[in-house]
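In this note's numbering, the protein residues as written are 8 to 114. Glycine included, each C-beta is placed from N, C-alpha and C at the ideal position. A quick note: this is a predicted structure, and the numbers were derived from the prediction, not measured. Below is one structure; the comments refer to it alone.
Here it is, written out as structure tokens:
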């Protein structure tokens, strides 16, 4: 088994600590989770749902008006009963703008 905590830093973009309650969806359905760190490239979702590396997931970030922004990603690192890391994929200009504004508020 590979210990993922060893070795050099693999992240390209700076990550920011957050506490954002989200919904996420994979093949098994929609579930609740908490994003605890985020960057322009991806995020980590704390949850007990089961996913595997390579799975596609939808992340639903809440907006202040009750609406949600959906981001699509690929699971790049999962830890059973703790959560999973996601790398965003296929982002529109509007989705990139949402993420940039969110991250700008965290600096």
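Other residues of its chain near residue i: CB distance less than 7 Å, five sequence neighbours each side excluded
i	result
residue 11	The pLDDT assigned to residue 11 is 47, lower than 50, so where the model puts this residue is not dependable; a value taken from the coordinates is nonetheless given after this. The answer, listed in chain order, is 84.
residue 113	23 and 25
residue 32	64 and 65
Spatially closest choice to residue i from the options, by CA coordinates
i	options	result
residue 98	38, 48, 72 and 20	48
residue 63	77, 89 and 21	77
residue 42	88, 35, 30 and 34	30
residue 82	59, 101 and 67	59
residue 57	88, 27 and 70	88
Three-state secondary structure (DSSP) of residue i
i	result
residue 9	Low local confidence applies: a pLDDT of 48 at residue 9 is under 50, so the model's placement there is unreliable, and no value is given.
residue 73	coil
Residue(s) in a DSSP beta bridge with residue i
i	result
residue 41	28 and 53
Cβ neighbour criterion (16 or more within 10 Å) applied to residue i
i	result
residue 111	exposed
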